[in-house]
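Colleague: Note that our numbering gives residue 256 to position 166 of the sequence shown, counting from 1, and the numbers run on in steps of one.
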Amino acid sequence: MLDRLRDQEVGRESRQGGFSLVELMVGITVGLIILAGAITVLSNLSFSGLENSRSIRLNQQMRENLDLMRRELQKAGYVAAYQVGVTDWSNSADRDAVEAAIDTFGAITLGDCFDADGDTIADECRCIGYSYDLDEDGVKDDPGELFGFRQNGAVIESGTGVDCAGGGSWEAISDTAISIQANGFYFKIDPDDSVDYEIEEGGVNEAGCGAGDVCLARRKIIVAMDAVLSSDNTVTASLRDEVKLKNDRYYTEP
Numbered sequence: 091m092l093d094r095l096r097d098q099e100v101g102r103e104s105r106q107g108g109f110s111l112v113e114l115m116v117g118i119t120v121g122l123i124i125l126a127g128a129i130t131v132l133s134n135l136s137f138s139g140l141e142n143s144r145s146i147r148l149n150q151q152m153r154e155n156l157d158l159m160r161r162e163l164q165k166a167g168y169v170a171a172y173q174v175g176v177t178d179w180s181n182s183a184d185r186d187a188v189e190a191a192i193d194t195f196g197a198i199t200l201g202d203c204f205d206a207d208g209d210t211i212a213d214e215c216r217c218i219g220y221s222y223d224l225d226e227d228g229v230k231d232d233p234g235e236l237f238g239f240r241q242n243g244a245v246i247e248s249g250t251g252v253d254c255a256g257g258g259s260w261e262a263i264s265d266t267a268i269s270i271q272a273n274g275f276y277f278k279i280d281p282d283d284s285v286d287y288e289i290e291e292g293g294v295n296e297a298g299c300g301a302g303d304v305c306l307a308r309r310k311i312i313v314a315m316d317a318v319l320s321s322d323n324t325v326t327a328s329l330r331d332e333v334k335l336k337n338d339r340y341y342t343e344p
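(1) Quick check on Ile246: does DSSP put it in helix, strand or coil?
(2) In chain order, what residues of the same chain lie with their CB nearer than 7 angstroms to the CB of Leu163, ignoring the 5 residues before and after it?
(3) Measuring alpha carbon to alpha carbon, tell me which of Asp232, Tyr276, Arg309 ends up nearest Gly243.
(4) Which same chain residues, not among the five before or five after Ile192, have their C-beta less than 6 angstroms away from its C-beta?
(5) Can you tell me whether Val313 is buried or exposed, with buried defined as 16 or more other CB within 10 angstroms of its CB?
(6) Using the C-alpha atoms, what's the distance from Val116 back to Gly127?
(7) Taking only three categories from DSSP, how would you classify Asp157?
(8) So, with DSSP's three-state summary, where would you put Gln241?
(9) On the DSSP letters alone, give me the boundaries of the beta strand (DSSP E) that Lys336 sits inside.
(10) Just mark Val252 as buried or exposed, buried being the case when its beta carbon has 16 or more other beta carbons within 10 Å.
(11) If we ignore side chains and look at the alpha-carbon of each, how far apart do Arg153 and Arg160 end up?
(12) Once the 5 residues before and after Ala212 are set aside, which same chain residues still bring their CB inside 6 angstroms of it?
(13) Distance, Cα to Cα, Glu343 vs Leu319?
(14) Jot down the residue ranges of each uninterrupted beta strand (DSSP E) in the region 212-284, minimum 3 residues, whole runs only, in chain order.
(15) Following the continuous beta strand (DSSP E) through Thr210, name the residue where it begins and the one where it ends.
(16) Under a Cβ-count criterion, where at least 16 other Cβ atoms within 10 Å of its own Cβ denotes burial, should Ser328 be classed as buried or exposed?
In structure tokens, the structure reads:
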């Protein structure tokens with residue numbers, strides 16, 4: 091009797107073990123669905139990572155260009171005043187000589203200007219010219235101490251012995267991996283943080299400069315850049331920098 095019951099129990103356990111064909115098919119189907127979802131997620135992550143990599147590359151290239159221009163523009167107006175030949179700072183002729191040297195090096199020129207912000211004023215310019223006393227002799231040695239940056243088509247160029255009228259020799263500084271947008275690159279003198287003062291005995295007159303006044307100009311340059319990745323024009327970026335010129339300009343108002 092016990093043996094018969096034991097045999098029945100073993101048979102029942104044997105019949106309960108494993109999966110039916112329907113169960114196997116359902117399991118395989120669920121597994122395939124999960125696998126397809128995992129592949130989709132991984133594909134999206136891979137594509138997103140590629141997009142991020144391209145965007146980072148574009149921003150890095152643009153930032154390198156802006157940093158280069160910032161470093162250079164901060165040199166604008168530098169002059170080794172002690173080399174001008176001043177022997178007596180109380181002497182008006184000696185002071186005039188220094189003022190003339192600072193004025194000569196301190197001038198900033200803008201060219202190829204247009205209206206980028208829609209205010210009907212064409213004060214956003216694709217070219218900037220500046221100078222500084224490279225050899226520290228107190229004398230502006232044209233053209234070796236004339237410098238500039240400009241947009242030329244889809245690239246940014248720098249040059250020595252150049253002017254915004256197109257003279258001189260220019261060479262590209264932006265990488266061919268990026269393309270500068272049309273009207274997407276400009277220099278602008280910041281009207282909110284650039285001011286001209288009249289120099290008076292004991293200080294400055296903040297009311298401004300009149301004809302014949304000796305004046306001091308403090309300037310900030312806005313640099314804006316819009317670019318796309320050359321290999322994929324759906325990857326875009328816009329950067330903006332503000333460069334406070336370290337060297338003020340002294341000049342006589344005409």
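Ideal Cβ placement from N, Cα and C applies to all residues, glycine included.
Modeller: In terms of the structure at hand:
(1) It is a strand residue.
(2) For Leu163, where only same-chain residues beyond five positions count, the Cβ hits under 7 angstroms are Tyr220, Ile311, Val333, Leu335.
(3) Tyr276
(4) Val169, Tyr340
(5) buried
(6) 17 angstroms
(7) helix
(8) strand
(9) Taken as a continuous stretch (DSSP letters only), Lys336 belongs to no beta strand (DSSP E), as it is neither H nor E.
(10) buried
(11) The C-alpha of Arg153 lies about 10 angstroms from the C-alpha of Arg160.
(12) Around Ala212: Cys203, Phe204, Asp205.
(13) 45 angstroms
(14) Taking only runs of at least 3 residues, the beta strand (DSSP E) segments lying wholly in the region 212-284 are 214-221, 236-242, 245-250, 259-262, 268-279.
(15) Where Thr210 is concerned, there is no enclosing beta strand (DSSP E), given that its DSSP letter is neither H nor E.
(16) exposed
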